[in-house]
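In our numbering, the protein residues as written are -2 to 688. For glycine and all other residues, C-beta sits at the position ideal for the given N, C-alpha and C.
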Amino acid sequence: MSLQSRYDILFEPVRIGPVVSRNRFYQVPHCNGGGYRDPSAVAEMRRVKAEGGWGVVFTEQVEIHHTGEITPYIELHLWDDSDVPMLARMADGIHEFGALAGIELAYSGINGPNLYSREVPMSATALPVRTFTSDPVSAREMTRRDIRDLLRWHRNACKRARSAGYDLVCLYGAHGFGVIQHFLSRTTNQRTDEYGGSLENRSRLMKELLVECRDAIGDQCAITIRLALGEMTNGLGLSNSEIRDLIALHSDLPDLWDMAQGDWESCSGPSRFKEEGAQQELVSGLRDLTDKPIVGVGRFTSPDLMVKQIQSGVLDMIGAARPSIADPFLPNKIREGRMEDIRECIGCNICISGDMTMSLSRCTQNASFMEEWRKGWHPERVPEKGDSRSVLVVGAGPAGLEAARVLGKRGYEVVLAEARSAVGGRVALERKLPGLATWGRVADYREYQISQTDNVEIYLHSELTASQVLEFGFQHVAIATGATWRRDGVARYHVTRMEMDDSVTFLTPDDVMNGACPSGRVLVFDDDHYYMGGVIAELARQQGAEVSLVTPAARVSEWTVNTLEQASIHCRLVEQGITLITGQAVTRIRNGVAELSCAYTARQDHMEIDTLILVTAQVSNTKLWHALESRSEQWADQGIRTVRLVGDALAPAPIAWATYAGYRYAQELDSPEPGDDPPFRREIVTLNSGA
Ligand code: ADP
Ligand code: SF4
């Protein structure tokens, strides 16, 4: 069988009720941190996905009514007619490239604290709202009249969705976020009327909504449903077998079943905890319960695995959010047989942190994500080179690799010099840490792409000095020399050097990643709060040490709440027998004893240790930069126009910040210097006349 025909099955059209998708690639709804605040940015991002070949492109969740809203998170609104134009812009963009436009309607119920609208939330049963921040607000129980209102609000939303031009309307009842799931689950539905009790009763609202919506949208538009494959909550939660009974009971009601695993944390699990295709078992066999197409997700980036999902009858369409973010052109690349050009998602969940922090989402692999409209960036196209010719990039970490890749694509003559024996920088080391192997794709993708261009040369074993850089005489020099973990304890708790004698072994993550083996009683002091503290503790434990992790934060790896993995990290560390000490800082090391101070009170504890691993902060490697800067009067004579620090060498941050910095450097080379105004377009609200 030829390569091409092996994947043909993915490009078969699929009928979804009255509409037909051109292929089996289904971009499921996903957040982006932009929503109603940045609708043009969101619209352009979706348009680019359609251009990349997706058959169906969805919005994120769209709140249908102001009484069910999830402030502070920023999604789309369809509260009244005035929201229609921004949604129409998105649908138009999606249609421009022949994809079907889908809209996901959400009523947040017990998941909506209504902090903005100040309405009293309502849900199946009166309980405290269930939000990430456990807001001190309760939902009241919906009356039958409320349910009638809810049906009408859905009818209104469907009509508006139609007038905005959508081809598919999806009702949201997954991830614990939509009212349909709240009624389906006995965790949140303890009603004793005809909407509570048996599965048939608990699914009554879903059925009524589907019927109401179908009636409202007519026969030109498909109606789909997004449901959880089960819940991980207490014994009352929806089980996978109940979901199977539900599909059997209502098998023909929607035009398509879009299935998502449990809560959002399990559905969008990072690669550290979830493999590609992790929902396989939960979704297998659903196909036999209905004649309607089944969509499932699983961070699918492997075309062979996609084909297997279809051929084995598990799925009819390949659902994807993160893989479509990392590579909006995934379908087209498969169709054209360009598998090695696929920019595979690494499963880091940085994109999700954009939603969680109410900022625009970033993607570690695709720096153009959410900059398509703001900056006119495109995931596949770059502007032709400007008037200069040659660039030296020093350091082949994520920033240097991305800068070299994009500069090469633009047409510059590029040399990428790397001190070590391999490219990748921090990623070359971090990919060997427990659970982070997939992150190696950041280096692999770029190294391969660079190998395909003849105007970019990589030189390994080349630790450059200022004299060499000056001698080479490249017109531009990008210094992407990265950062090093500090060994003085300075980060957030200590802003000056921590007091320590030499009675214990001190290590940093760099030491451990470069082969130092922590032994004996190991204390990890995490004042970084992202993944590194937990990962290093895990590695030390695997290597046989007795490990404790102490952090001044209230939770271990606290920032990973934003990447939906904090609970999994906590769980893994506990399961490995690592002692977790929160709300305390290491304040002094003396005579083999670590002094721990409470982050809130004057209370102190002491712990005898052999090794302290300081996961505190990183400091930029600026030696080369300073050496060059001190000889700046020689630059012009050597033909050098600019020297810039890029990525961690300028200021340390997560890998996504480094790939962004590399991309930006390359994209903007030879552009005019930015002025005082923001270097991006933004959406400005039209002032309401007050009438
Ligand atoms: P970033 O995340 O910003 O890309 P990394 O720390 O991942 O930073 O990568 C920096 C890379 O720069 C490392 O691979 C390091 O070996 C390399 N490097 C540092 N100093 C020099 C130098 N003087 N010459 C060449 N390469 C260097
Ligand atoms: Fe994948 Fe990470 Fe990009 Fe999200 S940010 S799409 S998880 S690579």
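Hey, would you say serine 268 sits closer than 8 Å to isoleucine 343, going by beta carbons? Residue mapping note: residue 268 aligns to position 271 of the sequence shown, counting from 1. Residue mapping note: residue 343 aligns to position 346 of the sequence shown, counting from 1. With contacts defined by Cβ atoms closer than 8 Å, serine 268 and isoleucine 343 form a contacting pair.
Just to confirm, does asparagine 511 get its C-beta within under 7 Å of one of the non-hydrogen atoms of the ligand ADP? Working through the sequence shown from its first residue, we reach residue 511 at position 514. Not a single heavy atom of the ligand ADP lies less than 7 Å from the C-beta of asparagine 511.
Using a 10 Å radius around the Cβ and a threshold of 16 neighbouring Cβ atoms, would you call arginine 330 buried or exposed? Counted from its first residue, the sequence shown places residue 330 at position 333. Sequence inspection shows lysine at residue 330; the arginine mentioned does not correspond to that position. Answer is buried; the Cβ neighbour count reaches 16.
For the region 534 to 544 and the region 570 to 585, state whether three or more C-beta atom pairs, one from each stretch, are separated by less than 8 Å. The region 534 to 544 makes contact with the region 570 to 585; the number of CB pairs closer than 8 Å reaches 3 or more.
Can you find at least 3 beta carbon pairs, one from the region 224 to 233 and one from the region 518 to 528, that sit closer than 8 Å? The region 224 to 233 is not in contact with the region 518 to 528.
Can you name the start and end residues of the beta strand (DSSP E) that glutamate 57 belongs to? Looking up residue 57 in the sequence shown gives position 60. Under the DSSP assignment, glutamate 57 falls in the beta strand (DSSP E) whose first and last residues are 53 to 60.
Nearer than 7 Å: is that true of the beta carbon of threonine 361 relative to any heavy atom of the ligand SF4? Translated into the one-based positions of the sequence shown, residue 361 becomes position 364. Checking the Cβ of threonine 361 against the ligand SF4 gives yes.
Reducing DSSP to helix, strand and coil, say where aspartate 35 ends up. Taking the sequence shown and counting its residues from 1, one reaches residue 35 at position 38. Three-state result, aspartate 35: coil.
Whole angstroms is fine: what's the gap from isoleucine 586's alpha carbon to arginine 518's? For the purposes of this step, residue 586 is taken as residue 589 along the sequence shown, with counting starting at 1. For the purposes of this step, residue 518 is taken as residue 521 along the sequence shown, with counting starting at 1. Distance between isoleucine 586 and arginine 518, taken at the CA atoms: about 14 Å.
According to DSSP, is alanine 414 helix, strand or coil? Numbered from 1 along the sequence shown, position 417 holds the residue referred to as residue 414. DSSP places alanine 414 in strand when its eight states are reduced to three.
Would alanine 40 pass as a contact of cysteine 360 if the rule is Cβ separation under 8 Å? On the sequence shown, position 43 is the one that residue 40 refers to. On the sequence shown, position 363 is the one that residue 360 refers to. Their beta carbons are not under 8 Å apart, which means alanine 40 does not touch cysteine 360 by this criterion.
What whole-angstrom Cβ distance do alanine 123 and serine 135 have, given they're in contact under 8 Å? Counting from one through the sequence shown, the residue named residue 123 turns up at place 126. Counting from one through the sequence shown, the residue named residue 135 turns up at place 138. So it is a contact: roughly 6 Å between Cβ atoms.
Neighbourhood of valine 722 by C-beta, 6 Å cutoff - its chain only, sequence neighbours within 5 removed: Outside the modelled stretch of the chain, which goes from -2 to 688, sits residue 722, for which no answer is possible.
Would you check if the distance between the CB atom of tyrosine 163 and the CB atom of alanine 98 is smaller than 8 Å? The residue you call residue 163 lines up with position 166 of the sequence shown. The residue you call residue 98 lines up with position 101 of the sequence shown. Contact: yes.
With a floor of 4 residues, list each alpha helix (DSSP H) that falls wholly inside the region 495 to 574, ordered by position along the chain. Within the region 495 to 574, complete alpha helix (DSSP H) segments of at least 4 residues are found at 506 to 510, 529 to 539 and 563 to 572, given in chain order.
Taking 7 Å as the cut-off, is the C-beta of asparagine 618 nearer than that to any heavy atom in the ligand ADP? As a working mapping, residue 618 is identified with position 621 in the sequence shown. Relative to the ligand ADP, the nearest heavy atom lies less than 7 Å away from the CB of asparagine 618.
Near aspartate 350, which residues of its chain fall below 6 Å by C-beta distance, leaving aside the five closest residues on each side in sequence? Sequence index remark: in the sequence shown, residue 350 carries index 353 (1-based). The residue you asked about is not aspartate; residue 350 is serine in the sequence shown. Excluding sequence neighbours, serine 350 sits near Asn559 and Thr560.
What is the DSSP secondary structure of alanine 161, reduced to helix, strand or coil? Indexing the sequence shown from 1 puts residue 161 at position 164. Assigned with DSSP and collapsed to three states, alanine 161 falls in coil, not helix or strand.
In terms of alpha-carbon separation, which member of Leu168, Phe94, Met604 and Gly531 lies closest to serine 105? Taking the sequence shown and counting its residues from 1, the one referred to as residue 105 is at position 108. When Leu168, Phe94, Met604 and Gly531 are compared, the shortest CA-CA separation from serine 105 is found for Leu168.
Just reading off the beta strand (DSSP E) that arginine 641 is part of, what are its end residues? For the purposes of this step, residue 641 is identified with residue 644 of the sequence shown, where counting begins at 1. In the DSSP annotation of this structure, the continuous segment of the beta strand (DSSP E) that includes arginine 641 starts and ends at 639 to 642.
Glutamine 664 - DSSP class collapsed to helix/strand/coil: As a first step, residue 664 is located in the sequence shown; it is residue number 667 there, counting from the start. In the structure shown, glutamine 664 adopts helical secondary structure according to DSSP, grouped into three states.
8 Å Cβ shell around aspartate 607 - same chain, five flanking residues per side excluded: Taking the sequence shown and counting its residues from 1, the one referred to as residue 607 is at position 610. Cβ neighbours of aspartate 607 beyond the five flanking positions: Val501, Thr502, Ser516, Gly517, Arg518, Val519 and Gly589.
Between aspartate 216 and proline 15, which are expected to be in contact by the criterion C-beta below 8 Å, what is the C-beta distance as a whole number of angstroms? In the sequence shown, counting from the first residue as 1, residue 216 sits at position 219. In the sequence shown, counting from the first residue as 1, residue 15 sits at position 18. Rounded to whole angstroms, the Cβ separation of aspartate 216 and proline 15 is 5 Å, and the two are in contact under 8 Å.
Sort out for me which residues DSSP pairs glycine 316 with in a bridge. For the purposes of this step, residue 316 is identified with residue 319 of the sequence shown, where counting begins at 1. DSSP lists Tyr23 as the beta-bridge partner residues of glycine 316.
Grab the span of the alpha helix (DSSP H) containing leucine 75 for me, first residue to last. To locate residue 75, count along the sequence shown from 1; it is residue 78. Looking at the DSSP string, leucine 75 is not in any alpha helix (DSSP H), and its letter there is neither H nor E.
Counting only runs that start and end within the region 380 to 441, where is the alpha helix (DSSP H) found for 4 or more residues in a row? With a minimum length of 4 residues, the unbroken runs of alpha helix (DSSP H) contained wholly in the region 380 to 441 fall at 395 to 407 and 423 to 427.
Do the region 147 to 156 and the region 198 to 217 touch if we need at least three Cβ pairs shorter than 8 Å? Remark: three or more beta-carbon pairs, one from each stretch, lie closer than 8 Å, so the region 147 to 156 and the region 198 to 217 are flagged as touching.
Using the C-alpha atoms, what's the distance from isoleucine 681 back to proline 82? If you number the sequence shown from 1, residue 82 lands on position 85. If you number the sequence shown from 1, residue 681 lands on position 684. Near 15 Å, if we compare the C-alpha coordinates of isoleucine 681 and proline 82.
Among Gln664, Thr548, Phe270 and Ala38, nearest to valine 379 - alpha-carbon criterion: The sequence position of residue 379 within the sequence shown is 382, counting from 1. Nearest C-alpha to valine 379: Gln664.
CB-CB length for arginine 141 against methionine 119, believed under 8 Å: Here the question's residue 141 lines up with position 144 in the sequence shown. Here the question's residue 119 lines up with position 122 in the sequence shown. Between arginine 141 and methionine 119 a beta carbon distance of about 12 Å is seen, past the 8 Å cut, so the two are scored as non-contacting.
Give a yes or no on whether the C-beta atoms belonging to threonine 184 and glutamate 116 are separated by under 8 Å. To locate residue 184, count along the sequence shown from 1; it is residue 187. To locate residue 116, count along the sequence shown from 1; it is residue 119. Result no, Cβ atoms of threonine 184 and glutamate 116 do not sit closer than 8 Å.
Pull up the distance between the alpha-carbon of valine 466 and that of leucine 546, whole angstroms please. Counted from its first residue, the sequence shown places residue 466 at position 469. Counted from its first residue, the sequence shown places residue 546 at position 549. The alpha-carbon of valine 466 is positioned some 43 Å away from that of leucine 546.
So if I measure from each beta-carbon to every heavy atom of the ligand ADP and keep distances below 6 Å, which residues remain? For the ligand ADP, residues qualifying as neighbours are Val391, Gly392, Ala393, Gly394, Pro395, Ala396, Gly397, Ala414, Glu415, Ala416, Arg417, Gly422, Arg423, Ser459, Glu460, Leu461, Ala477, Thr478, Gly479, Ala480, Asn618, Leu621, Gly644, Asp645, Ala646 and Ala655, where qualification means a beta carbon closer than 6 Å to at least one of its heavy atoms (chain order).
Just verifying my parser: in three-state terms, what is the DSSP assignment at leucine 226? Here residue 226 is taken as the residue at index 229 of the sequence shown, counted from 1. In the three-state scheme derived from DSSP, where H, G and I count as helix and E and B as strand, leucine 226 is classed as coil.
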